[in-house]
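Taken in sequence, the protein lines are chains S and W. To convert, note that position 56 of the first sequence is 56 in the UniProt record's numbering; the numbers rise steadily by one, no gaps. To convert, note that position 124 of the second sequence is 124 in the UniProt record's numbering; the numbers rise steadily by one, no gaps. No residue lacks a Cβ here, since even glycine has one placed at the ideal position from N, Cα and C. The next block holds one structure in the form of C-alpha cells; read it before the comments.
There are 2 protein chains.
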Amino acid sequence: MNSNDSLEEACCALESLYDDIDVDETVRALTERRRDAATIDGQATVFGALANEHRVRALEALREGELCACELQIVLEAPQSTVATHLRTLRDAGLVKTRKKGKWTYYRVADTAVFDLLDLGAAVDVPGSE
Amino acid sequence: MNSNDSLEEACCALESLYDDIDVDETVRALTERRRDAATIDGQATVFGALANEHRVRALEALREGELCACELQIVLEAPQSTVATHLRTLRDAGLVKTRKKGKWTYYRVADTAVFDLLDLGAAVDVPGSE
DNA sequence: GATTTAGATCGTAAATTCACAATATGAATT
DNA sequence: AATTCATATTGTGAATTTACGATCTAAATC
C-alpha cells in the first residue's frame, strides 16, 4: 500500500465522521497542523539523545556542576568506551558542552533548559510503572 | 572487563586528577549524584516515546485540540497500522489519553506539560543542523 | 623521545525499534 | 446476525541503537 492509498483510506473515515463535509478543506486544515520538518527532526534528535538510562543518569549527575569523563564513568558504572560513546551522543544533540584541561575533558550541561527537560520528563505519569 | 575493573580504572584517573585525595570519599560523593532508578527509568521511557518524528508530529498536531485516529493518519501521512502503533507508544508512555465515541477513538495530550517538553526540545540548538 | 595515561573512535555482535501487511476486534448499520 | 467500518494487534524482515573490547590520539611526564 502506498501513501496515496493511506490517505484515501483515512479520507473515507473522515467522510463518515462528519456529514456534509468538504474533505479537501478538512485535509488542508489537518495538513496545516504539520510543523516545519527541520524542527521536528531536531526535536526527535534531542529526545533520542535523552532516551537512554545511562544518558539521563549522566545529565542528572551534572546538575551539581561539571564532571570529567572519568568521574562520569564512576557515576554510570560502565566501561570507558561505553561512557565515551554516550557522552558523544549527548554532545552531538547539543545537550552538553565540553572543556579540555590537559588530559582531562570536563562535561557540563549546555543550558539549564536541559534540567527543565529532565524535570518535565520525570513529572510525566507513566501508566503501569507503580 | 567487568564492572569492578571499570571502577578501578576510573579511580586511577581520579587519583591523578586530584592529589592528596580520599578516593573512597570521592567515589561516595559521585555515587550520591545517582538518582532513584525508577525515576530514571520513567524519564528514559518518556523521552523514548518522544524520540521519533512521527510521534513528535502527532503531538504537535494535538496542540490545537484532540483528533481521532483517522485524522492523525492524514497528518502523519502513514498507513493505518503504523499510526496506530505510534499512538499506542505515546499512550503507554503517558503522553496522550484517549476517548472512545462509537467507532472512533479521539486522542488528546495527557497534560499541557507535554507541550512544554516539545517547546524545550525544539529550543535546543543541535550542532551541525543549520 | 619514549612512556604513561585520559579519552575518543572503530568494529561488531546482540538487542531494540521500525514499517507495514495481514488479521483481529468491536461498534454501528443493514 | 451479517456486514461494514474504525481502530487495535500481531508477525516479521529491515534498520537503528547498544555494549564494549580493541585500537588510536594527544597531552603530560620521565
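With distances taken between CA atoms, residue 130 of chain W lies nearest to S:37 out of S:25, S:26, S:37 and S:27.
Checking the DSSP bridge columns, you'll see residue 96 of chain W partnered with W:109.
Annotation for residue 104 of chain W: 68 place their beta carbon closer than 7 Å to its own, counting only its chain and skipping 5 residues before and after. The Cβ of residue 116 of chain S sits closer than 7 Å to at least one Cβ of chain W. Looking at the DSSP output, residue 67 of chain S bridges to S:107. Interface with chain S (7 Å Cβ-Cβ cutoff): residue 89 of chain W is excluded.
Put simply, the CB of residue 50 of chain W is near chain S, with a gap under 7 Å to one of its CB atoms. If you draw a straight line from the Cα of residue 85 of chain S to the Cα of residue 58 of chain W, it comes to about 30 Å.
The residues 105 and 107, in chain order, have a CB closer than 6 Å to that of residue 98 of chain S in the same chain once the five nearest residues on each side in sequence are set aside. For the options W:95, W:81 and W:79, the alpha carbon positioned closest to that of residue 63 of chain W is the one of W:95. In summary, residue 29 of chain S is exposed, with fewer than 16 beta-carbon neighbours lying within 10 Å of its beta-carbon over all protein chains present.
Interface annotation, residue 61 of chain W: in contact with chain S, CB-CB separation under 7 Å. Distance from the CA of residue 102 of chain S to the CA of residue 119 of chain W, rounded to the nearest whole angstrom, comes to 37 Å.
Out of S:113, S:50 and S:40, the CA that lies nearest to the CA of residue 41 of chain W is found in S:50. Under the Cβ distance rule, residue 81 of chain S does not count among the residues neighbouring chain W, no pair being separated by less than 7 Å.
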